[in-house]
Amino acid sequence: MAVDEPTGRALLDAAIVAYVGRGRGKVPTRDAAAVAALAPQHPGGLLAQVKDAVRVSDTLAFEQVAPFDRALRGRLSARLRSLLPQLGEPAIEALTWRWGYLQFGQ
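What follows is the structure, given as structure tokens:
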């Protein structure tokens, strides 16, 4: 997934954070309106890139980052960085938080 010029890395990171709701609540969201508010001139393209990143993070199985220990978060973040090198730390952190919640928080 390449980052398109109109969006840029910082905007894509912010859009992923907004979409998953990191920092706004205890439960991840799928907030397309938050993404559209960040780039009203290109909402569809940005949202597609966000959904692509979320889809990639959703493909990770626990076995790929196991075992469940103090280093799990670091292994998960490293794996996401390798799969999504175009993302910055805010997006990786948001996807890591979302993945952890979906795996263990429900």
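In the numbering used here, the protein residues as written are 1292 to 1397. Quick reminder that beta carbons are idealized off the backbone N, C-alpha and C, glycines included.
Reference residue i, options the options, closest by Cα
{"i": "Ala1327", "options": "Ala1357, Trp1388 and Leu1303", "result": "Leu1303"}
{"i": "Ala1301", "options": "Val1341, Gly1316 and Ala1323", "result": "Val1341"}
{"i": "Gly1391", "options": "Val1356, Arg1321 and Pro1376", "result": "Val1356"}
{"i": "Ala1323", "options": "Phe1359, Tyr1310 and Lys1317", "result": "Tyr1310"}
Spatial neighbours of residue i in its chain, beta-carbon cut-off 6 Å, leaving aside the 5 residues before and after
{"i": "Leu1337", "result": "Thr1298, Ala1306, Val1326 and Ala1330"}
{"i": "Val1308", "result": "Pro1381 and Ala1385"}
{"i": "Gly1261", "result": "Lying outside 1292 to 1397, the shown extent of the chain, residue 1261 is not represented and no answer is given."}
Chain-order list of residues whose beta-carbon lies under 7 Å from that of residue i (same chain, five-residue window excluded)
{"i": "Phe1353", "result": "Gln1394"}
{"i": "Leu1371", "result": "Ser1348, Ile1383, Leu1386 and Thr1387"}
{"i": "Glu1296", "result": "Interpretation of Glu1296 is limited by its pLDDT of 48, a score under 50 that renders its predicted location unreliable; no figure is taken from the coordinates."}
Chain-order list of residues whose beta-carbon lies under 8 Å from that of residue i (same chain, five-residue window excluded)
{"i": "Leu1375", "result": "Met1292, Ala1344, Val1347, Ser1348, Ala1382, Ile1383 and Leu1386"}
Could you tell me which whole alpha helix (DSSP H) segments of length 4 or greater appear in the stretch 1310-1374? 1323-1329, 1334-1349 and 1363-1374
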